[in-house]
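*Asks:* Handing you a structure now.
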Amino acid sequence: MKINMDKNGSKLTVALEGRLDTTTSPELEADLKPELDGAAELTMDLAGLEYISSAGLRVLLSAHKLMSRHGSMKLTNVSETVMEILDVTGFTDILTIE
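Everything in the sequence shown is counted per our numbering, starting at 3 for the first residue and increasing by one.
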């Protein structure tokens, strides 16, 4: 999986490419946590995300919980396949998806 982070002031954009699963989710969590400090707006661009597992969903939920304390988080460019997973798991009711 490829992770591209762009921080502009208090806005953080994270673009993901590939698969977010048990193998890659610890890497995203480790890279994301320090970047969330001081961020008021988190955008997760999932245009290149092919698949997300329960481990990946856990990372998204963790980021959402952290951001809800001092800012906002949204998912953008969600593919049909990933949207289906988010819908079935109830994450569409929890997360902001544009």
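Beta carbons are placed, not taken as given, at the ideal position from N, Cα and C, and that holds for glycine.
1. Can you give the Cα-Cα distance for E100 and N79, rounded to whole angstroms?
2. Using the Cβ count rule (16 or more neighbours within 10 Å means buried), how would you classify S27?
3. Excluding five sequence neighbours on each side, which residues of the same chain lie with their C-beta closer than 6 Å to the C-beta of Y53?
4. Looking only at C-alpha atoms, which of T98, E19, T15, A41 sits nearest to L68?
5. Less than 6 Å between C-beta atoms, sequence neighbours within five positions excluded: which residues of the same chain meet that for M85?
6. Less than 8 Å between the C-beta atoms of M3 and L44, yes or no?
*Replies:* In terms of the structure at hand:
1. In a straight line, the C-alpha of E100 is about 7 Å away from that of N79.
2. Per the 10 Å Cβ criterion, buried.
3. Once the five neighbours on either side are set aside, the close Cβ partners of Y53 are R21.
4. A41
5. Excluding five sequence positions before and after M85, none of the CB atoms of its chain fall closer than 6 Å to its own CB.
6. no
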